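> Please find one structure pasted underneath; my questions will follow.
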Amino acid sequence: MDQPAISVRPAVPPDYDAIRELTLAVYLGEGWADERYTASLADVEDRAAHAELLVADSDGSLSGAVALAWHSSTYAEVTRDPTEAAFRMLVVRPESRGRGIGRALVLACVSRARMAGAKRMVISTEPLMYAAHRLYDDLGFRRAPERDWSPHAGVDLLCYVLELT
150 MDQPAISVRP
160 AVPPDYDAIR
170 ELTLAVYLGE
180 GWADERYTAS
190 LADVEDRAAH
200 AELLVADSDG
210 SLSGAVALAW
220 HSSTYAEVTR
230 DPTEAAFRML
240 VVRPESRGRG
250 IGRALVLACV
260 SRARMAGAKR
270 MVISTEPLMY
280 AAHRLYDDLG
290 FRRAPERDWS
300 PHAGVDLLCY
310 VLELT
């Protein structure tokens, strides 16, 4: 059976409620966030104002989303200088996983960052997000333990870097 085509595009305001619902369902439903992070996850409008919000459509519905952030963005905490970009809050509907949607969203971020002249993509992830780690490894990201960080007590994040040049 053929897989439905995946289309990645910039999010538009009518997408925001679906992005909010999906992001909260994934992060809270799968235990990746607590109440301290809920407001940030729910604030799609702020993400869209301070980052490039991309969505993946597959089989006629919104199947995933990600925020691509530039160094000057409040969503790019892991970047160190203007040559670096980051992506945040990568989410894929559970029933759509394993079909390349996360990969398509990451590759769209990488492509946009390259076109904008970024030299490096830097991301952070939860230590237990094993599927994400495999994806990043498969796409050529390398672990950068010297950049691991903690946004607040009890949350330790792993960093990965992809050289774009």
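Counting from 150, one number per residue, gives the positions in the sequence shown under the working numbering. Glycine included, each C-beta is placed from N, C-alpha and C at the ideal position. Since the model is a prediction, treat every value here as computed from it, not as a measurement.
Let me know the secondary structure DSSP gives Leu203 once reduced to three states.
Residue numbering aside, residue 203 sits at position 54 when the sequence shown is read from its first letter. Three-state DSSP puts Leu203 in a strand.
> Excluding five sequence neighbours on each side, which residues of the same chain lie with their C-beta closer than 6 Å to the C-beta of Ala135?
For the chain, the structure presents residues 150 to 314; residue 135 sits outside this window and is missing.
> Return helix, strand or coil for Val316, following the three-state DSSP convention.
The chain is shown only over 150 to 314; residue 316 falls outside these bounds and no answer can be derived.
> Assign Glu275 to one of three DSSP states: helix, strand, or coil.
To locate residue 275, count along the sequence shown from 1; it is residue 126. Coil, per DSSP.
> How big is the Cα-Cα spacing for Val175 and Gly247?
As a position in the sequence shown, residue 175 is number 26, starting the count at 1. As a position in the sequence shown, residue 247 is number 98, starting the count at 1. Spanning the two alpha carbons is a distance of roughly 15 Å.
> Assuming Leu171 contacts Val240 (C-beta within less than 8 Å), just tell me the rounded distance between them.
Translated into the one-based positions of the sequence shown, residue 171 becomes position 22. Translated into the one-based positions of the sequence shown, residue 240 becomes position 91. Leu171 to Val240, Cβ: 5 Å. Contact.
> Tell me which same chain residues have a C-beta within less than 7 Å of the C-beta of Ser189, skipping the five on either side of it?
As a position in the sequence shown, residue 189 is number 40, starting the count at 1. So the list is empty, once near-sequence residues are dropped.
> So, Ala235 versus Val227, is the Cβ gap smaller than 8 Å?
As a first step, residue 235 must be located in the sequence shown, where it is residue number 86. As a first step, residue 227 must be located in the sequence shown, where it is residue number 78. In this structure, Val227 lies closer than 8 Å to Ala235 by Cβ.
> Is Gly178 helix, strand or coil when you go by DSSP?
The residue you call residue 178 lines up with position 29 of the sequence shown. If DSSP states are grouped into helix, strand and coil, Gly178 belongs with the helices.
> According to DSSP, simplified to helix, strand and coil, what is Glu226?
Start at 1 with the first residue of the sequence shown, and residue 226 comes out as number 77. Looking at Glu226 - three-state DSSP - the assignment turns out to be coil, as it is neither helix nor strand.
> Do you know offhand how far Asp287's Cα is from Arg185's?
Counting from 1 along the sequence shown, the entry for residue 287 is found at position 138. Counting from 1 along the sequence shown, the entry for residue 185 is found at position 36. The alpha-carbon atoms of Asp287 and Arg185 are separated by roughly 31 Å.
> Within a Cβ cutoff of 6 Å, which residues of the same chain sit near Asp297, ignoring the five residues on either side of it in sequence?
One-based indexing of the sequence shown puts residue 297 at position 148. Cβ neighbours of Asp297 beyond the five flanking positions: Leu307, Cys308.
> Mind pulling the alpha helix (DSSP H) runs of 4 or more residues that sit fully within the segment 247-303?
Entirely contained in the segment 247-303, the alpha helix (DSSP H) runs reaching 4 residues are, in chain order, 250-264, 279-287.
> Start and end of the alpha helix (DSSP H) containing Ala190?
Taking the sequence shown and counting its residues from 1, the one referred to as residue 190 is at position 41. Note on identity: in this sequence residue 190 is Leu, with Ala being the wrong assignment. 184-191 is the extent of the alpha helix (DSSP H) around Leu190.
> Measuring straight from C-alpha to C-alpha, what distance separates Gly266 and Leu284?
Position 117 of the sequence shown, counted from the first residue, corresponds to residue 266. Position 135 of the sequence shown, counted from the first residue, corresponds to residue 284. Cα to Cα, Gly266 sits roughly 23 Å from Leu284.
> So what does DSSP say about Ser245, is it helix, strand or coil?
Walking along the sequence shown from the start, residue 245 turns up at place 96. Reduced to three states, the DSSP call for Ser245 is helix.
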